[in-house]
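In our numbering, the protein residues as written are 8 to 80.
Presented below is the structure to which this report refers.
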C-alpha cells in the first residue's frame, strides 16, 4: 500500500487503478511485440533484440499481475 499525502492509495498510479494498468501494459506489450515480429528478419544484420526483450518482460508482468488479481485475489 502506498501512502500519498497521508491518504492510503491501493495500487493506483497517476489515477489509474491496477486493473487499468494491467490492461494498458498488456496492450502496449502486444503492440511492441507485433511491431518487432513484423519488422524482424532472419537476414537483417541491424536487428536489435532489445525491443523483443522489453516486450516479453511486459507480457510476463501483465500475466503475473492479472493472475494475482483475478485468480488469487
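A virtual CB, placed ideally from N, CA and C, is assigned to each residue, including glycine.
**Prompt:** Do you know whose CA, among 57, 32, 78 and 76, lies nearest residue 67's CA?
**Reply:** Here residue 67 is taken as the residue at index 60 of the chain shown, counted from 1. Among 57, 32, 78 and 76, the Cα nearest to that of residue 67 belongs to 32.
**Beta-carbon proximity of residue 35 to residue 58, cut-off 8 Å** = Locating residue 35 in the chain shown gives position 28, where the first residue counts as 1. Locating residue 58 in the chain shown gives position 51, where the first residue counts as 1. Their beta carbons are not under 8 Å apart, which means residue 35 does not touch residue 58 by this criterion.
**Request:** Classify residue 26 as buried or exposed, calling it buried when 16 or more other Cβ atoms lie within 10 Å of its own Cβ.
**Result:** Position 19 of the chain shown, counting from 1, holds the residue named residue 26. Counting Cβ neighbours within 10 Å, residue 26 comes out exposed, since fewer than 16 surround it.
**Prompt:** Which residue comes first and which comes last in the alpha helix (DSSP H) that contains residue 78?
**Reply:** For the purposes of this step, residue 78 is taken as the residue at position 71 of the chain shown. Taken as a continuous stretch (DSSP letters only), residue 78 belongs to no alpha helix (DSSP H), as it is neither H nor E.
**Request:** Going by CA-CA distance only, name the one from 47, 62, 77 and 46 that's closest to residue 37.
**Result:** Within the chain shown, residue 37 is the residue found at index 30, counting from 1. The shortest C-alpha separation from residue 37 is found at 62.
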